[in-house]
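*Asks:*
2 protein chains.
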Amino acid sequence: MRTEGRAKRLPRAVRERQIMDAAVDVFSRLGFHAASMDEISEVAGISKPMLYAYLGSKEELFATCIRREATRMMEAIATGVEPDQEPDVQLWSGLRAFFGFVGENRASWMVLHRQASTQGGPFAVELTDMRSRAVSLVAALLTQSTKAPATKLEAESLAAALVGAGESLAEWWLDHPEEPAGVVAARLMNLVWMGFGDLVDGNVWHPPSRR
Amino acid sequence: MRTEGRAKRLPRAVRERQIMDAAVDVFSRLGFHAASMDEISEVAGISKPMLYAYLGSKEELFATCIRREATRMMEAIATGVEPDQEPDVQLWSGLRAFFGFVGENRASWMVLHRQASTQGGPFAVELTDMRSRAVSLVAALLTQSTKAPATKLEAESLAAALVGAGESLAEWWLDHPEEPAGVVAARLMNLVWMGFGDLVDGNVWHPPSRR
DNA sequence: CCTGGTACCTACTCGCGAGTAAGACTACTG
DNA sequence: CAGTAGTCTTACTCGCGAGTAGGTACCAGG
Numbered sequence: 093m094r095t096e097g098r099a100k101r102l103p104r105a106v107r108e109r110q111i112m113d114a115a116v117d118v119f120s121r122l123g124f125h126a127a128s129m130d131e132i133s134e135v136a137g138i139s140k141p142m143l144y145a146y147l148g149s150k151e152e153l154f155a156t157c158i159r160r161e162a163t164r165m166m167e168a169i170a171t172g173v174e175p176d177q178e179p180d181v182q183l184w185s186g187l188r189a190f191f192g193f194v195g196e197n198r199a200s201w202m203v204l205h206r207q208a209s210t211q212g213g214p215f216a217v218e219l220t221d222m223r224s225r226a227v228s229l230v231a232a233l234l235t236q237s238t239k240a241p242a243t244k245l246e247a248e249s250l251a252a253a254l255v256g257a258g259e260s261l262a263e264w265w266l267d268h269p270e271e272p273a274g275v276v277a278a279r280l281m282n283l284v285w286m287g288f289g290d291l292v293d294g295n296v297w298h299p300p301s302r303r
Numbered sequence: 093m094r095t096e097g098r099a100k101r102l103p104r105a106v107r108e109r110q111i112m113d114a115a116v117d118v119f120s121r122l123g124f125h126a127a128s129m130d131e132i133s134e135v136a137g138i139s140k141p142m143l144y145a146y147l148g149s150k151e152e153l154f155a156t157c158i159r160r161e162a163t164r165m166m167e168a169i170a171t172g173v174e175p176d177q178e179p180d181v182q183l184w185s186g187l188r189a190f191f192g193f194v195g196e197n198r199a200s201w202m203v204l205h206r207q208a209s210t211q212g213g214p215f216a217v218e219l220t221d222m223r224s225r226a227v228s229l230v231a232a233l234l235t236q237s238t239k240a241p242a243t244k245l246e247a248e249s250l251a252a253a254l255v256g257a258g259e260s261l262a263e264w265w266l267d268h269p270e271e272p273a274g275v276v277a278a279r280l281m282n283l284v285w286m287g288f289g290d291l292v293d294g295n296v297w298h299p300p301s302r303r
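So the protein sequences, as listed, match chains A and B.
Numbering-wise, the numbering used here comes out as the position in the first sequence, counting from 1, plus 92.
Numbering-wise, the numbering used here comes out as the position in the second sequence, counting from 1, plus 92.
(1) Can you confirm whether B:L283, when its beta carbon is compared against all beta carbons of chain A, has any partner nearer than 8 Å?
(2) Output, in chain order, the set of chain A residues within a Cβ distance shorter than 8 Å of B:T210.
(3) Going along the chain, which residues of its own chain have a beta-carbon closer than 8 Å to the beta-carbon of B:M93, five neighbours each way excluded?
(4) Is there at least one Cβ from chain A nearer than 8 Å to B:F190's Cβ?
(5) Starting from B:E279, find everything on chain A with Cβ-Cβ shorter than 8 Å and list it in chain order.
(6) Can you find the residues in the same chain that come closer than 8 Å, C-beta to C-beta, to B:T171, ignoring five residues on each side of it along the sequence?
(7) Enumerate in chain order the residues of its own chain whose CB-to-CB distance from A:G195 is below 6 Å, with the five nearest sequence positions on each side excluded.
(8) Report the residues of the stretch 157–174 of chain B with a CB closer than 7 Å to any CB of chain A, ordered along the chain.
(9) Apart from the five residues just before and just after B:R303, which ones in its own chain have a Cβ nearer than 7 Å to its Cβ?
(10) Are the C-beta of B:F288 and some C-beta of chain A separated by less than 8 Å?
(11) Here's the rule: buried if 16 or more other CB atoms are within 10 angstroms of the residue's CB, otherwise exposed. What is A:H205?
(12) Label B:E178 either buried or exposed according to how many other C-beta atoms from any shown protein chain fall within 10 Å of its C-beta, with 16 as the threshold for buried.
(13) If we call anything under 8 Å between Cβ atoms a contact, is B:E248 one with B:A231?
(14) Decide yes or no for the touch test of the stretch 102–111 of chain B against the stretch 274–288 of chain B: beta carbon pairs closer than 8 Å, at least 3 of them.
(15) Using the three-state DSSP reduction, which class does B:I138 fall into: helix, strand or coil?
(16) Which residues of chain A have a Cβ atom closer than 8 Å to the Cβ of B:W264, listed in chain order?
(17) How many whole angstroms separate the CB atoms of B:A86 and B:V116, which I take to be in contact at a CB cut-off of 8 Å?
(18) Pick out whichever of A:P175, A:W285, A:F154, A:E271 has its Cα sitting closest to the Cα of B:N295.
(19) Report all residues from its chain with a CB closer than 6 Å to the CB of A:Q211; omit the five preceding and five following residues, and keep chain order.
(20) Kindly say whether A:S260, judged by its beta-carbon, lies nearer than 8 Å to any beta-carbon of chain B.
(21) Buried or exposed, going by whether 16 or more other CB atoms sit within 10 Å of the CB of A:S120?
(22) Using a beta-carbon distance below 8 Å, is A:A126 in contact with chain B?
(23) Could you tell me how far apart the beta carbons of B:L254 and B:Q182 are, in whole angstroms, since I believe they sit closer than 8 Å?
(24) Verify the CB distance criterion: does B:L102 have a CB-CB separation below 8 Å to chain A?
(25) For A:L261 and A:M129, I'd like the C-alpha separation in whole angstroms.
(26) In whole angstroms, what is the alpha-carbon distance linking A:L143 and A:I111?
(27) Does DSSP put A:R104 in a helix, a strand or coil?
(28) How many angstroms separate the CA atom of A:S149 from the CA atom of B:L122?
(29) With a floor of 4 residues, list each alpha helix (DSSP H) that falls wholly inside the stretch 195–258 of chain B, ordered by position along the chain.
(30) Give me, in chain order, the residues of the same chain whose beta-carbon lies closer than 8 Å to that of B:L291; leave out the 5 immediate sequence neighbours on both sides.
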């Protein structure tokens, strides 16, 4: 990019989107520190001062990326879940939506999770916030469907474990891209719903269509 | 540290250990890029050229840290597991050893996992290697105990999911240090062995002493 | 055709941190 | 009490990257 002298004149809103896309790409490949504003401007097809004019400092730019991608992802999941269904079906649709998003937005996910969680301070806050929304959601799902009255704390921590498992399986998936999203989702579904205790006995969970 | 002029004369082996300890500390707090050789030398109580004389470049130093901590951790787990036991007991002892190590070596774990996994290239290799050893171990445990003849691939991927869940729960634990190691371990044990399906019905897994 | 405002640029400053040159201090060995 | 091997230091070089100063091209409306 930027092989030619001057870039086409474009309205600010469009440029800002281009810059954000470039930033997510570069941050995901290089990480926050190793990414340079020079490279981002290059990928975006403009010169460095434009970055500063539009998106502020490097840290501001990064934080803005985090916020945008986090919002996109939460929306994708919210759209995917099917409320007013059995608990296991709700969990299943949530998992499918989650892995679907990650599969189609690997760069977004890397920026969101891998990068944001390692840089301390203001960045991690956005992450923590997003995660806790997810945890509360799962916890509610659990308490609502539990027959034995488990404590709120118990449900919360189990939900945290599940969300963590999802995050980490998505992380693992980055290194095994050949697997389709549905398979990965189903795998986690079986692990957390049935448990190894059942699985080793050959008891498997099936999606609703097969019932 | 380094407030006084000259450091005491010490044999090379001892200095190298001090340097490594300092490096793990600084890398875990700041991350690879943000950590400076100047700060590491300061914490170690010596001057910068000593770092280069003994441990080579910054990247070499980091790789050496990764290798050392990975080895320490695998040894801790190997010592903790109890072979010739029921599968669930083996899993349980493994989990306890793992979370025990992480709890007593938070800095090590952060360097190992959080930092190494985000820096690409040669560092991630060490990590991947360690993880795959863990995965094979769990996969073997699974196939050995499964009645239904699951495919090797299925066992491998479930093992990967479990290891990932462990990693991520440890990650989560860093932000909730008040929980004791045993509780966290038990929680994961219940999640992966019983599954939510059982848990919501009130069926819980108990450690061997209670049987 | 001028006049402003907005998009865009080249070409810098400047501090920080990786890595090094050159030598000084200490302890053991004969 | 040399000589020498290994420990440790001060005081640099040098490149890279964040952030900026001071413009130039382009499109309105008058």
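Here a beta-carbon is modelled for each residue, glycine too, at the ideal position from N, C-alpha and C.
Every value quoted in this text rests on a predicted model; they were computed, and no experiment measured them.
*Replies:* Based on what the coordinates show:
(1) The residue given as residue 283 of chain B occupies position 191 in the second sequence. Yes, because at least one Cβ of chain A sits closer than 8 Å to the Cβ of B:L283.
(2) Stepping through the second sequence from its first residue, residue 210 of chain B is reached at position 118. What B:T210 touches in chain A: G123, R206, Q207, T210.
(3) Here the question's residue 93 of chain B lines up with position 1 in the second sequence. Legend: pLDDT at B:M93 = 47, less than 50; position of this residue unreliable, value from coordinates given subsequently. Only E134, V135, A136, G137 meet the Cβ criterion.
(4) Locating residue 190 of chain B in the second sequence gives position 98, counting from the first residue. False, the Cβ-Cβ gap to chain A never drops below 8 Å.
(5) Within the second sequence, the letter at position 187 stands for residue 279 of chain B. Reading off the sequence, residue 279 of chain B comes out as Arg, not Glu. Correct list: S249, L250, A253.
(6) For the purposes of this step, residue 171 of chain B is taken as the residue at position 79 of the second sequence. Once the five neighbours on either side are set aside, the close Cβ partners of B:T171 are A189.
(7) On the first sequence, position 103 is the one that residue 195 of chain A refers to. Cβ neighbours of A:G195 beyond the five flanking positions: A273.
(8) none
(9) Reading the second sequence from its first residue, position 211 is the one you call residue 303 of chain B. Because B:R303 sits at a pLDDT of 45, beneath the cut-off of 50, its placement in the model cannot be relied upon, and the following sentence gives the value as read from the coordinates. Once the five neighbours on either side are set aside, B:R303 has no close Cβ partner at all.
(10) Counting from 1 along the second sequence, the entry for residue 288 of chain B is found at position 196. Yes, its Cβ sits closer than 8 Å to a Cβ of chain A.
(11) For the purposes of this step, residue 205 of chain A is taken as the residue at position 113 of the first sequence. It counts as buried.
(12) Translated into the one-based positions of the second sequence, residue 178 of chain B becomes position 86. So B:E178 counts as exposed.
(13) Position 156 of the second sequence, counted from the first residue, corresponds to residue 248 of chain B. Position 139 of the second sequence, counted from the first residue, corresponds to residue 231 of chain B. Yes, the pair counts as a contact, with Cβ atoms nearer than the cut-off.
(14) Cβ pair count under 8 Å is below three, so no.
(15) For the purposes of this step, residue 138 of chain B is taken as residue 46 along the second sequence, with counting starting at 1. B:I138 falls in the coil class under three-state DSSP.
(16) Reading the second sequence from its first residue, position 172 is the one you call residue 264 of chain B. Simply A252, A253, G256.
(17) The requested residue 86 of chain B is not part of the displayed model; chain B covers only 93 to 303.
(18) Within the second sequence, the letter at position 203 stands for residue 295 of chain B. If we check each option's Cα against that of B:N295, A:W285 comes out closest.
(19) Along the first sequence, one-based indexing puts residue 211 of chain A at 119. Answer for A:Q211: F124, listed in chain order.
(20) Sequence index remark: in the first sequence, residue 260 of chain A carries index 168 (1-based). Yes, A:S260 counts as interfacial toward chain B.
(21) Translated into the one-based positions of the first sequence, residue 120 of chain A becomes position 28. Buried.
(22) Position 34 of the first sequence, counted from the first residue, corresponds to residue 126 of chain A. Chain B, which has a Cβ nearer than 8 Å to the Cβ of A:A126, makes this yes.
(23) Position 162 of the second sequence, counting from 1, holds the residue named residue 254 of chain B. Position 90 of the second sequence, counting from 1, holds the residue named residue 182 of chain B. Wrong, their Cβ atoms sit about 13 Å apart, outside the cutoff.
(24) Looking up residue 102 of chain B in the second sequence gives position 10. No, because no Cβ of chain A sits closer than 8 Å to the Cβ of B:L102.
(25) The residue given as residue 261 of chain A occupies position 169 in the first sequence. The residue given as residue 129 of chain A occupies position 37 in the first sequence. If you take the alpha carbons of A:L261 and A:M129, they lie about 31 Å apart.
(26) What you label residue 143 of chain A is simply residue 51 of the first sequence in a count that begins at 1. What you label residue 111 of chain A is simply residue 19 of the first sequence in a count that begins at 1. So the two alpha carbons sit approximately 7 Å from each other.
(27) To locate residue 104 of chain A, count along the first sequence from 1; it is residue 12. Reduced to three states, the DSSP call for A:R104 is helix.
(28) For the purposes of this step, residue 149 of chain A is taken as the residue at position 57 of the first sequence. For the purposes of this step, residue 122 of chain B is taken as the residue at position 30 of the second sequence. The alpha-carbon atoms of A:S149 and B:L122 are separated by roughly 20 Å.
(29) Qualifying alpha helix (DSSP H) stretches, in chain order: 198–201, 214–237.
(30) The residue you call residue 291 of chain B lines up with position 199 of the second sequence. Excluding residues within five positions, the ones whose Cβ falls inside 8 Å are N282, L283.
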